[in-house]
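Trainee: Heads up: the sequence lines are chains A and B, in that order.
Numbering-wise (my numbering), the first sequence opens with residue 1 and increments by one.
Numbering-wise (my numbering), the second sequence opens with residue 1001 and increments by one.
Glycine included, every Cβ here is placed at the ideal spot set by N, Cα and C.
Pasting in a structure now, in structure tokens, and then I'll have a few things to ask.
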Amino acid sequence: DTEVTQTPKHLVMGMTNKKSLKCEQHMGHRAMYWYKQKAKKPPELMFVYSYEKLSINESVPSRFSPECPNSSLLNLHLHALQPEDSALYLCASSQDLAEAFFGQGTRLTVV
Amino acid sequence: GDSVTQMEGPVTLSEEAFLTINCTYTATGYPSLFWYVQYPGEGLQLLLKATKADDKGSNKGFEATYRKETTSFHLEKGSVQVSDSAVYFCALSERGSTLGRLYFGRGTQLTVWP
């Protein structure tokens, strides 16, 4: 199984809402990532978890809060987002220097 | 710091034409190199990879060779198909504190016409 599963596929939320994005992998990978991708741009790194600990935070605003409950799961909690946060949010996992596997992404629209 | 420079697009080709997408990189160490492909509305899929100098990655008719002397990893395909229409990203990752994070090029939109 080389799959990274993200839910939901699409999400529309208001600026006062709280929502969560979920990511799951069963490949035993110890590194998991959140990337943000705007239209016609490459993915931008947000967070890196290594062995379930937050290792890199790319100066992401506090309205984005990551969580790694166990080695297979990665969440991204969203609160008080702005319309400019609308984007495709991609989860990925990798082991050592092997390739990263990406999920299909969550298309987020903030209204 | 690490970075990837990818040729500007978009690239428009007729079916069965030859494809080259140029990619060069800057890295402080000895990176692994990747090409990812993104179809409309989807996530990124690994197309091919190379982990050391002179390695050739290949998949689905696409090839790229890790050239340390020219710091390049150009993507090629001898005969493109309409189904190859997508955005292609060149990327690198390094050891150490970067924890396998990927540095992406800007992406190149490829459109293949029948």
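Which residues share a DSSP beta bridge with Tyr1036 (chain B)?
Mentor: As a position in the second sequence, residue 1036 (chain B) is number 36, starting the count at 1. Answer by DSSP bridge pairing, in chain order: B:Leu1046 and B:Phe1089.
Trainee: List the residues that DSSP assigns as beta-bridge partners of His1074 (chain B).
Mentor: Start at 1 with the first residue of the second sequence, and residue 1074 (chain B) comes out as number 74. The partner list for His1074 (chain B) (beta bridge, DSSP) is empty, contrary to what the question assumes.
Trainee: Cα separation between Val1087 (chain B) and Ile1021 (chain B)?
Mentor: Numbered from 1 along the second sequence, position 87 holds the residue referred to as residue 1087 (chain B). Numbered from 1 along the second sequence, position 21 holds the residue referred to as residue 1021 (chain B). Distance between the alpha carbons of Val1087 (chain B) and Ile1021 (chain B): 11 Å.
Trainee: In angstroms, rounded to a whole number, what distance separates the CA positions of Leu1062 (chain B) and Asn17 (chain A)?
Mentor: Translated into the one-based positions of the second sequence, residue 1062 (chain B) becomes position 62. Translated into the one-based positions of the first sequence, residue 17 (chain A) becomes position 17. Before going on, a small fix: residue 1062 (chain B) reads as Phe here, not Leu. The straight-line gap from Cα to Cα measures roughly 44 Å.
Trainee: In chain order, what residues of the region 1084-1095 of chain B put their CB closer than 9 Å to some CB of chain A?
Mentor: Of all residues in the region 1084-1095 of chain B, Val1087, Phe1089, Ala1091, Ser1093, Glu1094 and Arg1095 have a Cβ within less than 9 Å of some Cβ in chain A.
Trainee: Using a Cβ-Cβ cut-off of 6 Å (strictly less than) and excluding sequence neighbours within five positions of Ser94 (chain A), which residues of its own chain qualify?
Mentor: Indexing the first sequence from 1 puts residue 94 (chain A) at position 94. The residues are His29, Ala31 and Ala100.
Trainee: Taking a contact to mean a Cβ-Cβ separation below 9 Å, would you say Glu67 (chain A) touches Asn57 (chain A) in this structure?
Mentor: The residue you call residue 67 (chain A) lines up with position 67 of the first sequence. The residue you call residue 57 (chain A) lines up with position 57 of the first sequence. Taking 9 Å as the Cβ cut-off, Glu67 (chain A) and Asn57 (chain A) do not qualify as a contacting pair.
Trainee: If the criterion is Cβ atoms closer than 9 Å, does the pair Tyr35 (chain A) and Met27 (chain A) meet it?
Mentor: What you label residue 35 (chain A) is simply residue 35 of the first sequence in a count that begins at 1. What you label residue 27 (chain A) is simply residue 27 of the first sequence in a count that begins at 1. Against a cut-off of 9 Å, the Cβ pair of Met27 (chain A) and Tyr35 (chain A) comes out as no contact.
Trainee: Taking 9 Å as the threshold (beta carbon to beta carbon), is Glu24 (chain A) in contact with chain B?
Mentor: For the purposes of this step, residue 24 (chain A) is taken as residue 24 along the first sequence, with counting starting at 1. Cβ-Cβ to chain B under 9 Å: no for Glu24 (chain A).
Trainee: Can you look up Val111 (chain A) in the DSSP assignment and give me helix, strand or coil?
Mentor: Within the first sequence, residue 111 (chain A) is the residue found at index 111, counting from 1. Coil, per DSSP.
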